[in-house]
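Undergrad:
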Amino acid sequence: MRIVSLNAWGGRLHEPLIPYLVDVDADVLCLQEVVRTQGAGNGWLVYRDHGVELPQRANLFEELKAALPAYDAVFLPVARGDLFDGDRQHFSEFGLATFVRRTHPVIAQAAAFVHGEFSSDGYGTHPRSRNAHCVRLFDYERGYPVTIAHMHGLRDLEGKGDTPARRHQANAFVELIRQVKQDGDRLVVCGDFNVLPDGETFEILGSLGLIDLVTSRGHDDTRTSHYKKQPRFADYMLVTSNVEVVSFDPVAEPEVSDHRALLLDLR
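And the structure:
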């Protein structure tokens, strides 16, 4: 089974992003920062925030669905805010997307907010709301279930250190996973956590028997050249000891976001 986790960056690198997600041939895609805009068509809109303007692919989710017809797809927005086409305003949803190849049926799932709550009238003030999604799949070929969860961790303008909000977020994430995971399941947890590798988030996730593959395998960069700051950690992928890791790679090329895709092959 192949699992890919990626912060899609609102589709800003749309041209290489779509072919990569098709060609990588994953069984499960866990995507953060996905956009859906009703009535806008496929094309570009602009996100504006205090003088910053960022291009966003207006209907990234729908474009991915069209490119990946063999997958069941779910979109989980955290908020509806404004994107712009010149002076024209569009209400646009922003959140998580999960794509599961139909050869691996979803036999249980749950989603919840791990920070804040849904906002229908703007993206909100920082740190903005965040959600998580957990699915339990059945692997027909090997005859066992696998539970996979991902989240987009809150962004704190003060940095990526431990805070009470991040502690609550991690505990809420664990609670969500426990709703879906059954005893003995192989468990994979991933996403853009927006925390440092020595943060208490990993102690809390450790209560599920999870070990991070990024740091435990000596990787020190989950960002691409499009991200200019330090530190270079943001994205993580964790597994339980009963997951047989065939390979794991924070993918350096191609660059399809300011985050690297995390690619896990397991059996």
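Take 1 as the starting number for the sequence shown in UniProt numbering and just add one per residue.
Just so you know, even glycine gets a beta-carbon here, dropped at the ideal spot from N, CA and C.
1) Could you check whether Leu96 and Val4 sit closer than 8 Å to each other, using their CB atoms as the reference points?
2) Does the beta-carbon distance from Leu6 to Ala252 come in below 8 Å?
3) How far does the alpha helix (DSSP H) with Arg166 in it extend, from its first residue to its last?
4) Kindly identify the DSSP beta-bridge partner or partners of Pro55.
5) Indicate the three-state DSSP secondary structure (helix, strand or coil) for Thr201 in the structure shown.
6) Applying the 10 Å Cβ sphere with the 16-neighbour rule, what's the burial state of Gly184?
7) Can you check DSSP and say which residues form a bridge with residue 272?
8) Thinking C-alpha only, which one of Phe248, Leu45, Glu117 is nearest Asp87?
9) Quick check on the burial criterion: 16 or more other C-beta atoms within 10 angstroms. Buried or exposed for Ile204?
10) Excluding the five sequence neighbours on either side, which residues of its own chain have a C-beta within less than 6 Å of the C-beta of Ile177, listed in chain order?
11) Over the uninterrupted alpha helix (DSSP H) stretch that includes His14, give me the two end residues.
12) Label Asp27 either buried or exposed according to how many other C-beta atoms from any shown protein chain fall within 10 Å of its C-beta, with 16 as the threshold for buried.
13) Please say whether Asn194 and Arg155 have beta carbons closer to each other than 8 Å?
14) Taking buried to mean at least 16 other C-beta atoms within 10 Å of its own C-beta, is Thr125 buried or exposed?
15) Could you compute how far the alpha carbon of Val214 sits from the alpha carbon of Arg101?
16) So, is Gln230 buried or exposed, given that buried needs 16 or more other C-beta atoms within 10 angstroms?
17) Where does Leu76 fall in DSSP's three states?
18) Where DSSP assigns a beta bridge to Asp85, which residues make up the other side?
19) Look at the alpha carbon of residue 344 and the alpha carbon of Phe84, and state the distance between them as a whole number of angstroms.
20) Using a Cβ-Cβ cut-off of 7 Å (strictly less than) and excluding sequence neighbours within five positions of Phe138, which residues of its own chain qualify?
21) Hey, would you say residue 268 sits closer than 8 Å to Ser129, going by beta carbons?
22) Buried or exposed: where does Gln182 fall if 16 or more other Cβ atoms within 10 Å of its Cβ makes it buried?
TA: On the basis of the coordinates in this document:
1) The answer is no: Cβ separation not under 8 Å.
2) No, the pair does not count as a contact, with Cβ atoms beyond the cut-off.
3) According to the DSSP assignment, Arg166 belongs to the alpha helix (DSSP H) that extends over 164–180.
4) Assignment of beta-bridge partners to Pro55 by DSSP yields Val46.
5) In the three-state reduction of the DSSP assignment, Thr201 falls in the helix class, which pools H, G and I.
6) Its Cβ having fewer than 16 others within 10 Å, Gly184 is exposed.
7) With the chain covering 1 to 267 only, the question about residue 272 has no answer from this structure.
8) Out of Phe248, Leu45, Glu117, the CA that lies nearest to the CA of Asp87 is found in Leu45.
9) Ile204 is buried by the Cβ-count criterion.
10) Cβ neighbours of Ile177 beyond the five flanking positions: Cys134, Ala149.
11) Its alpha helix (DSSP H) spans residues 14–23.
12) Result: buried.
13) A contact, by the Cβ cut-off of 8 Å.
14) Looking at its Cβ environment, which holds fewer than 16 other Cβ atoms inside 10 Å, Thr125 is exposed.
15) Taking the CA atoms as reference points, Val214 sits about 25 Å from Arg101.
16) Label assigned to Gln230: exposed.
17) Residue state, collapsed to three classes: strand.
18) In the DSSP assignment, the residues bridged to Asp85 are Arg88.
19) For residue 344 there is no data in the structure shown, the boundaries of the chain being 1 and 267.
20) Around Phe138, the same chain offers His104, Pro105, Ile107, Pro145 as residues with beta carbons nearer than 7 Å, after the five sequence neighbours per side are excluded.
21) Nothing in the structure corresponds to residue 268, since the chain is present only between 1 and 267.
22) Flag for Gln182 reads exposed.
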